[in-house]
Structure formats: structure tokens, C-alpha cells
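Going line by line, the protein sequences match chains A and B.
Note that my numbering numbers the first sequence so that position 318 is 318, with each residue one more than the last.
If you want my numbering, it's the 1-based position in the second sequence plus 325.
Yeah, the Cβ is synthetic: ideal placement off N, Cα and C, and Gly gets one too.
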Amino acid sequence: MLTILGWNVTVYGVIVTALCIFFAAALAINLIKKGKKLFPIFGFVCTAAIFGLLLGRAVFCAVRFVSMFYDPMGRFSGISAFFRISMGSLCVIGVVVGVIFAAFPGAKMLKMSVSSLLDEMVLPGLLLFALIRFAEPFSGQGYGSSVIHPLLCRVPLGIMNDWGEWFFSVCFLEGALLLAMAIGLRVLRCKKPGSKALLALVLIAGCQLLPESLRRDNALRIFVFVRVNQLGYAVMFLIGAVMAWIKGKKQGLSGKKIGLEAAGVLMGMLLLMAGEYALDKTAWPDMGIYLAMLAVNIGILFVVLHRIFVEDRRMKKAIDNQASL
Amino acid sequence: MRQCRQVRNYGDGRFDVLIIDNEGNFSAIPQCKNTDYLAYYDEHSAQMYQAFCFGPVLVENGKSIINENFDNGYFIAKYKTQRVAIAQVDALEYMIIVCDGDAQQYTFGMTVYEFAQLCEEIGYTVRPEGFKMAYNLDGGNSASLVFKRQNDQGVLTYQKINMPERERTLADMICFVSLVGNDE
Chain A
1 MLTILGWNVT
11 VYGVIVTALC
21 IFFAAALAIN
31 LIKKGKKLFP
41 IFGFVCTAAI
51 FGLLLGRAVF
61 CAVRFVSMFY
71 DPMGRFSGIS
81 AFFRISMGSL
91 CVIGVVVGVI
101 FAAFPGAKML
111 KMSVSSLLDE
121 MVLPGLLLFA
131 LIRFAEPFSG
141 QGYGSSVIHP
151 LLCRVPLGIM
161 NDWGEWFFSV
171 CFLEGALLLA
181 MAIGLRVLRC
191 KKPGSKALLA
201 LVLIAGCQLL
211 PESLRRDNAL
221 RIFVFVRVNQ
231 LGYAVMFLIG
241 AVMAWIKGKK
251 QGLSGKKIGL
261 EAAGVLMGML
271 LLMAGEYALD
281 KTAWPDMGIY
291 LAMLAVNIGI
301 LFVVLHRIFV
311 EDRRMKKAID
321 NQASL
Chain B
326 MRQCRQVRNY
336 GDGRFDVLII
346 DNEGNFSAIP
356 QCKNTDYLAY
366 YDEHSAQMYQ
376 AFCFGPVLVE
386 NGKSIINENF
396 DNGYFIAKYK
406 TQRVAIAQVD
416 ALEYMIIVCD
426 GDAQQYTFGM
436 TVYEFAQLCE
446 EIGYTVRPEG
456 FKMAYNLDGG
466 NSASLVFKRQ
476 NDQGVLTYQK
486 INMPERERTL
496 ADMICFVSLV
506 GNDE
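Written out as C-alpha cells, the structure is:
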């Protein structure tokens, strides 16, 4: 804990706040280069911060409703705990969704399309998310199962506790995947506004789903075993997939093809859920279950990413054809 | 309640609550509701030390109090699975009873009724009057009996004894710790 201006704050909180300010500034500079004015940019950044904090806090409080709003004797103690930063935390899914929602009023403030604004937010957002994940050990979270192999018993692949025991650093894996996404999307040229953001949404959701399963920390859970972030990523992935199919339908993609892809993705999701069930309820080897889940995860990711790519190219072609007419 | 610190009261009448007082004696509030706990707390808070919410109470004054048709719809009570109980033998004397099982198919292990019968039998082997009380804790894959022992590399580590191939992340535990040092 640190004391800054009389407030007790955690080291992790300070790091995350500093990173958010840094990347908000980076986004602002990008938008200024694109001719946007400082005041609306500031307005958008504040909106994103408020939406992200409110929704992140709301999801956390909803999951931990009893411990947040009831006193130890079981009496309802009012909703003031929602605003007490020292109590509890935020849910990262809520923060991400809140920031995405902020793009709607933000686009109006900046006089640009929501799709273009979301595209601008992708790279700083991914880098921010990656660095927050790398910093997660400062919060005491981010770890998986215990490890004894010398390669894993060192930073950054491992996290050591106060008793010298090493655990796999799941947060490092998640951060590395986000960083790889950021590098890949930096290089990628999407033809149509909004395609990059949709790709990022599907990639984040699809690539973080399995690593979340490796966590053995205090990750938010509901119904005892279901991780809230995994549930959130699954919903985000499905929303991304549905948006890709809607775009495809507008471009004349056949209902049969959409149906086949949708069936494949849903089947994949069910298999992933079955994998999670097997991990908890059966004595089958974990490695085998995880390899099977990885194969399924890659499969459904490929299906949806391919659809987004194809529709992005088809849209551009259609626009180019129209322009040449 | 943990070490006299009241943590949470969410009794909804489904679970028996085990109370351990500051002399280490067990008592229970059957099918405890929020108001039942409040009433008990108002009367006994000075003596209360721990409170656990799961159950049911299996054995009281040596006798199993679970009938063959017991099923409160929550502990997969009629299925065979791993079970674990904590029992008070006598003043400051306790026993942990664990039965192994296969949570995959619920075909191996014990029902709550069978487990209560087992606890009653074991109680009579350690004390003529049987256990003062035996209380069921979370079973299935949550049932974990862990000892500190040396692994193959000679390092002291915590090892799960029952169904070691399947371990679940758990939020709570009952831990027996000695004040006597390793060298004493």
C-alpha cells in the first residue's frame, strides 16, 4: 500500500491508473493528428473512464452482491459500498464493455463514426490491456497451478508467493497474447471502418477464454465454479460472430453458410463448456482436456476471423465497384 | 464466523450451521435461517468462536440422526460420492472423517445416510458414548484431506490424500496447526 496525498492506494491501482492516463494521452494524440479538437477528445476520454469504471464496478458488485451490500450479520447496509473504492474491485469485462459503449456518445462528440472511433481505440486499448495483465502480480492475482520446473520457476513465466512457492503466471500468458494481437492488428490493413475493432473483439474474447481456465486465483466466480470473465468472453465472442454474420448477410452471404458456421461455433462453445465440466468433474488427464479445448478454440476462432476477413474484403470490393461505376 | 470475527449471515433455512465455541465445543443450529442465527448470536456471541455453514449434522450424542430417505435437494445426498465430516470426540478432541469416491459417475463413495452411519460406527470405536457431534462438510470434488509431507524430492509440501488426481480450487478450509516447532 502507498499513501498519496493522504489516500491509501495499492501499488497495482497506481500502476493501472498511470497506464490508463498514458494510453488515453496516446489515443488523444492520434485523434489530434486526425484533426480532432482537444476538448471533445477530453470529453470522450472522461466518458470512457466513467462508463468503464461504472460498468466494471456494477458487474463486480452484482457478482459479489451479498458481501458488498449486506453487513456481516446479514442486514442490508445500503448501496454506499458501490462508491467506496477501498472496498472490492472492478470486473475487467465490465470495464471493457463500458469503454466500448462510450464510443457511441464519444463518436458524436468527435463527429466521427462509431466504427472509426472503435478502430482508433483498438491498438492503445490492446496495449493497455496487455500491460495491465503484466502488472497483475502486484495485485496478488494472475496465477495458475503450482509449478516446479526450473524454466517456469522464474519471472515472467512464474509468480512466487511469500513462501517461495512458484505458480504459473497466467496473467503473463494473457498479456503476451494481447501484445501479439496488438502487433498483428498494427500490421493488418482492414478495408472497412469497424473491421479492425470487430477483429479485436473476437480475438480478445477468443484468445483469453482458455487462459482464464488456467487461473487458480481469486478470479470472480458465480455459481461457485463459473468464472465471470470466461462467461463474459464467451458472450463477447458470440456477439462478434453474430455481427460478422449480419455483415455477411448484408453482402449476400447465404443463410445456409451462416447456419453452418453458427452451428459450428455453437458446437465449439458447447465442447469448451464440456471441457470445463470435465476438468472439474472427471479424472481425465488435464493436459488432454486442455489440448482438446485448445483445438476447438482455434477452430471456432478461425471460423469467425475468416468470416470477418472475407466480409471486410467483399465490402471493400463492393464499394470500389460502386465508385468505379 | 471465523476466529470470533463475524463474516457473513446468509442463512436461508437449507443448511445446518455448526458453532464452535471458545472452549472448542460443538453445537448446531438446524436449518438455520438468517433470523435464527441473529437470535443465537444475540444470546451467545461472547462464547462463539467459529461458525460453519454446510451440514447436515450427521451424529448427535453418539447416534446418527440422518434417516435413509434424507435428501434436502442440495448435497446430492442420495448419490454416492466423496464426503468429509468433522467430529468432536470429547473436550478439545476432534476427528476428521473422509470417504473416497468417484465424482465422475456418482457410483463410488457414500450417500449422506451411509456416511452418517459410518461416522456413528467410528465414533463408538474411539469413545464408548460415540461422537458428541459429527458435522458434514462440503463433499464431492471439494472434499479434500491435505497433509504436509515430503514429496519424492524430499521437499515438505501439501499433498491431497483422497483422490489426489483431482483437485479443486477451494475458498475455505479447516486447518489444524501445531504450536510445537518442527525441532521440538
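What residue range does the beta strand (DSSP E) around Val332/B cover? The residue you call residue 332/B lines up with position 7 of the second sequence. Unbroken run through Val332/B: none, as it is neither H nor E.
Going by DSSP, which residues form a beta bridge with Leu481/B? Position 156 of the second sequence holds residue 481/B. Leu481/B is bridged to Gln475/B.
Starting from Val332/B, find everything on chain A with Cβ-Cβ shorter than 7 Å and list it in chain order. Counting from 1 along the second sequence, the entry for residue 332/B is found at position 7. The contacting residues are Pro72.
Check whether the segment 91-104 of chain A touches the segment 356-369 of chain B, taking contact to mean three or more Cβ pairs, one atom from each stretch, closer than 8 Å. no
Flag this pair as yes or no: are the beta carbons of Cys357/B and Phe340/B separated by less than 8 Å? For the purposes of this step, residue 357/B is taken as the residue at position 32 of the second sequence. For the purposes of this step, residue 340/B is taken as the residue at position 15 of the second sequence. Cβ distance < 8 Å, so Cys357/B and Phe340/B count as in contact.
Members of the segment 255-284 of chain A that neighbour chain B once the beta carbon cut-off is set at 7 Å: Asp280, Lys281, Thr282 and Ala283
Let me know the secondary structure DSSP gives Gln356/B once reduced to three states. To locate residue 356/B, count along the second sequence from 1; it is residue 31. Coil.
Is Met315/A near the ligand GTP, with its Cβ less than 7 Å from a heavy atom? In the structure on display, the ligand GTP does not appear, and there are no ligands present to speak of.
When you compare the CB of Asn386/B with every CB in chain A, is at least one pair closer than 8 Å? In the second sequence, counting from the first residue as 1, residue 386/B sits at position 61. So, not an interface residue.
Name the residue from Gln322/A, Ile50/A, Leu19/A and Ala200/A whose alpha carbon lies nearest to the alpha carbon of Val99/A. Looking up residue 99/A in the first sequence gives position 99. Among Gln322/A, Ile50/A, Leu19/A and Ala200/A, the Cα nearest to that of Val99/A is on Ile50/A.
Using 8 Å as the limit for Cβ to Cβ distance, is Arg307/A near chain B? As a first step, residue 307/A is located in the first sequence; it is residue number 307 there, counting from the start. Taking Cβ atoms only, chain B never reaches closer than 8 Å to Arg307/A, which makes this a no.
Identify which residue in His369/B, Ile401/B and Val332/B has its Cα closest to the Cα of Phe377/B. The residue you call residue 377/B lines up with position 52 of the second sequence. Measuring from the Cα of Phe377/B, the nearest candidate turns out to be Val332/B.
Alpha carbon of Leu5/A to alpha carbon of Ile15/A, nearest angstrom: Taking the first sequence and counting its residues from 1, one reaches residue 5/A at position 5. Taking the first sequence and counting its residues from 1, one reaches residue 15/A at position 15. Cα-Cα distance, rounded: 16 Å.
Opposing strand residues paired with Asn461/B [DSSP bridges]: Position 136 of the second sequence, counted from the start, is the residue given in the question as residue 461/B. Note: Asn461/B sits in a beta bridge opposite Ala410/B.
Where Leu209/A and Ala274/A are concerned, what is the direct C-alpha to C-alpha distance, given to the nearest angstrom? Residue 209/A sits at position 209 when you count from the first residue of the first sequence. Residue 274/A sits at position 274 when you count from the first residue of the first sequence. For Leu209/A and Ala274/A, the distance between alpha carbons rounds to 14 Å.
Going by C-alpha distance, which of Ala25/A, Cys91/A and Ile246/A is nearest Gly329/A? With chain A covering 1 to 325 only, the question about residue 329/A has no answer from this structure.
Between the beta-carbon of Phe331/A and the beta-carbon of Val11/A, is there less than 8 Å? Outside the shown range of chain A, which is 1 to 325, sits residue 331/A, and nothing can be said about it.
Does the segment 300-315 of chain A come into contact with the segment 183-201 of chain A, if we say contact requires no fewer than three beta-carbon pairs (one atom in each stretch) closer than 8 Å? yes
Roughly how many angstroms separate the alpha carbons of Tyr143/A and Ala496/B, rounded to a whole number? Counted from its first residue, the first sequence places residue 143/A at position 143. Counted from its first residue, the second sequence places residue 496/B at position 171. C-alpha separation (whole angstroms): 15 Å.
My output table needs one value for Asn8/A: the three-state DSSP class, helix, strand or coil. Counting from 1 along the first sequence, the entry for residue 8/A is found at position 8. In this structure, Asn8/A counts as strand in the three-state DSSP scheme.
Can you give me, in chain order, the residues of the segment 473-506 of chain B that have a beta carbon less than 7 Å from any beta carbon in chain E? The structure shown has no chain E; the protein chains it does contain are A and B.
Residues from the segment 206-229 of chain A in contact with chain B, defined by Cβ distance under 7 Å: Arg216
Excluding the 5 residues preceding and the 5 following Ile32/A in the sequence, name in chain order all residues of the same chain whose CB lies nearer than 8 Å to its CB. Here the question's residue 32/A lines up with position 32 in the first sequence. Closer than 8 Å at the Cβ level, and outside the excluded window around Ile32/A, lie Leu38 and Ile41.
Interface residues of chain A facing Leu363/B [CB-CB closer than 9 Å]: In the second sequence, residue 363/B corresponds to position 38, counting from 1. The contacting residues are Met73, Gly74 and Arg75.
Given 8 Å, three or more beta-carbon pairs between the segment 195-202 of chain A and the segment 236-245 of chain A: yes
Does the segment 216-226 of chain A come within contact of the segment 341-348 of chain B, defined as at least 3 CB pairs closer than 8 Å? no
Neighbour-count burial assignment, Trp245/A, 16 or more Cβ in a 10 Å radius: Your numbering for residue 245/A matches position 245 in the first sequence. When all chains shown are included, Trp245/A counts as buried.
What do you get for Ala295/A, buried or exposed, if any count of 16 or more other CB atoms within 10 angstroms of its CB means buried? Here residue 295/A refers to the residue found at position 295 of the first sequence. With fewer than 16 other Cβ atoms within 10 Å, it is exposed.
Output yes or no for whether 8 Å exceeds the beta carbon distance between Ser145/A and Phe172/A. Taking the first residue of the first sequence as position 1, residue 145/A is located at position 145. Taking the first residue of the first sequence as position 1, residue 172/A is located at position 172. For Ser145/A and Phe172/A, no; Cβs fall outside 8 Å.
For the putative contact between Tyr460/B and Ala353/B, defined by C-beta atoms under 8 Å, what is the C-beta separation to the nearest angstrom? Walking along the second sequence from the start, residue 460/B turns up at place 135. Walking along the second sequence from the start, residue 353/B turns up at place 28. Right, the Cβ-Cβ distance comes to about 7 Å (below 8 Å), so this counts as a contact.
Pick helix, strand or coil for Phe225/A, following the three-state DSSP scheme. For the purposes of this step, residue 225/A is taken as the residue at position 225 of the first sequence. Looking at Phe225/A - three-state DSSP - the assignment turns out to be coil, as it is neither helix nor strand.
According to DSSP, is Trp245/A part of a helix, a strand, or is it coil? Indexing the first sequence from 1 puts residue 245/A at position 245. In this structure, Trp245/A counts as helix in the three-state DSSP scheme.
List the residues that DSSP assigns as beta-bridge partners of Met160/A. To locate residue 160/A, count along the first sequence from 1; it is residue 160. Trp166/A.
Along chain B, which residues have their Cβ under 9 Å away from the Cβ of Val346/A? Missing from the structure shown is residue 346/A; chain A here goes from 1 to 325 and no further.
Under the assumption that Gly465/B contacts Ala412/B (Cβ atoms under 8 Å), give the Cβ distance between them as a whole number of angstroms. Stepping through the second sequence from its first residue, residue 465/B is reached at position 140. Stepping through the second sequence from its first residue, residue 412/B is reached at position 87. So it is not a contact: roughly 20 Å between Cβ atoms.
Should Cys347/A and Met181/A be called a contact, given that it needs their Cβ atoms to be closer than 8 Å? Any property of residue 347/A remains undetermined from this structure, which presents chain A solely from 1 to 325.
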